[in-house]
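Take a look at the structure below.
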Amino acid sequence: MNSDNRDPDYLYARQFAYDVLRRLLTDEPTAELLVYLRDEGLSLFPADDALPAMQSALDAMQDDLNTRMLKRGAADFEALHWDFTRLFIGPESPPAPPWESVYVSRDKLLFQESTLNVKTFYQQNGFHLPEKEYEAADHIGYELDFLWKLSEQASQELDREQAMCERITAPLAVSSDFMQAHLLAFITPFCRELNNHAETAFYRQLSTLLEVFVRSDYKKINELINLQ
2 MNSDNRDPDY LYARQFAYDV LRRLLTDEPT AELLVYLRDE GLSLFPADDA LPAMQSALDA
62 MQDDLNTRML KRGAADFEAL HWDFTRLFIG PESPPAPPWE SVYVSRDKLL FQESTLNVKT
122 FYQQNGFHLP EKEYEAADHI GYELDFLWKL SEQASQELDR EQAMCERITA PLAVSSDFMQ
182 AHLLAFITPF CRELNNHAET AFYRQLSTLL EVFVRSDYKK INELINLQ
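In this note's numbering, the protein residues as written are 2 to 229.
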């Protein structure tokens with residue numbers, strides 16, 4: 002999917018991308034999601050000629066899914082399901098820990114200052130974790146979910162305004178601040194661990210897709226903000 006970083010329509014594409022990424026990194030993959038990505042979803046990512054690494058990753062993920070029987074119980078599907086579980090959950094210490102604090106804090110412990118800082122950022126911007134949720138606030142899935150919600154706000158404002166304005170750029174500015182303070186602080190080492198330890202091409206290539214998209218998105222939304 003081509004996108005011009007001066008084109009407000011990019012806001013719709015980034016909302017889609019964050020929705021997919023948050024789903025892939027929060028929970029074990031479902032057969033329904035993987036089939037959708039294989040048949041249509043991967044082609045909708047905002048990759049363009051300036052991002053050959055993103056397109057290469059998308060093509061490789063597509064190729065991997067094309068070779069698999071994506072049905073619960075099928076060995077091809079269960080291999081992807083297990084790769085997610087092993088990488089991010091356990092049963093042993095996950096080789097690609099999905100928490101910001103592991104990468105930015107000296108003691109690498111959860112629920113410490115870095116986790117609290119993320120949770121405070123969420124709350125200051127109207128985003129609250131589920132009351133009965135026991136996962137740390139700085140889980141990468143939550144951070145991507147936060148950016149998805151902000152992207153949804155920007156898209157909804159664009160529906161009303163049909164042109165860039167302050168109500169659209171406000172959630173983009175919050176996104177930029179959050180990415181600079183948090184997500185970009187650990188995206189590279191996290192993606193390195195994901196790439197090094199994934200057993201499937203799908204998750205190895207997801208590491209490239211995630212980092213290239215996030216860094217590109219940070220640049221593009223700042224360009225959109227500066228159009229005002």
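We put the beta carbon where it would ideally sit given N, CA and C, even for glycine. Owing to the predicted nature of the structure, the values given are computational and were not obtained by experimental measurement.
So what's residue i in DSSP terms, helix, strand or just coil?
{"i": "residue 140", "result": "strand"}
Checking 8 Å against the spacing of the C-beta atoms, do residue i and residue j come in under that value?
{"i": "residue 194", "j": "residue 96", "result": "yes"}
{"i": "residue 207", "j": "residue 144", "result": "no"}
{"i": "residue 203", "j": "residue 66", "result": "yes"}
{"i": "residue 34", "j": "residue 24", "result": "yes"}
{"i": "residue 170", "j": "residue 225", "result": "yes"}
{"i": "residue 137", "j": "residue 116", "result": "yes"}
{"i": "residue 214", "j": "residue 62", "result": "no"}
{"i": "residue 179", "j": "residue 150", "result": "no"}
{"i": "residue 187", "j": "residue 105", "result": "yes"}
{"i": "residue 59", "j": "residue 43", "result": "yes"}
{"i": "residue 27", "j": "residue 146", "result": "yes"}
{"i": "residue 39", "j": "residue 152", "result": "no"}
{"i": "residue 156", "j": "residue 12", "result": "yes"}
{"i": "residue 98", "j": "residue 142", "result": "no"}
{"i": "residue 9", "j": "residue 159", "result": "yes"}
Given that a residue counts as buried once 16 or more other Cβ atoms are within 10 Å of its Cβ, and exposed if not, what is residue i?
{"i": "residue 91", "result": "exposed"}
{"i": "residue 69", "result": "buried"}
{"i": "residue 53", "result": "exposed"}
{"i": "residue 135", "result": "exposed"}
{"i": "residue 1", "result": "A query on residue 1 cannot be resolved here, the shown segment of the chain reaching from 2 to 229 and no further."}
{"i": "residue 254", "result": "Residue 254 lies beyond the range of the chain shown here (2 to 229); nothing can be said about it."}
{"i": "residue 124", "result": "exposed"}
{"i": "residue 140", "result": "buried"}
{"i": "residue 227", "result": "exposed"}
{"i": "residue 221", "result": "buried"}
{"i": "residue 84", "result": "buried"}
{"i": "residue 131", "result": "exposed"}
{"i": "residue 102", "result": "buried"}
{"i": "residue 73", "result": "exposed"}
{"i": "residue 212", "result": "buried"}
{"i": "residue 164", "result": "exposed"}
{"i": "residue 94", "result": "exposed"}
{"i": "residue 75", "result": "exposed"}
{"i": "residue 51", "result": "exposed"}
{"i": "residue 161", "result": "exposed"}
{"i": "residue 64", "result": "exposed"}
{"i": "residue 107", "result": "exposed"}
Starting from residue i, trace the alpha helix (DSSP H) in both directions and tell me its first and last residue.
{"i": "residue 82", "result": "76-89"}
{"i": "residue 108", "result": "Element bounds for residue 108: n/a, residue is neither H nor E."}
{"i": "residue 11", "result": "11-27"}
{"i": "residue 204", "result": "202-226"}
Mind listing, in chain order, the continuous alpha helix (DSSP H) runs of no fewer than 4 residues lying wholly within the segment 168-200? Whole alpha helix (DSSP H) segments, 4+ residues: 185-198.
Alpha helix (DSSP H) runs contained entirely in the segment 31-67, provided each spans 4 or more residues: The segment 31-67 contains these whole alpha helix (DSSP H) runs: 32-40 and 53-67.
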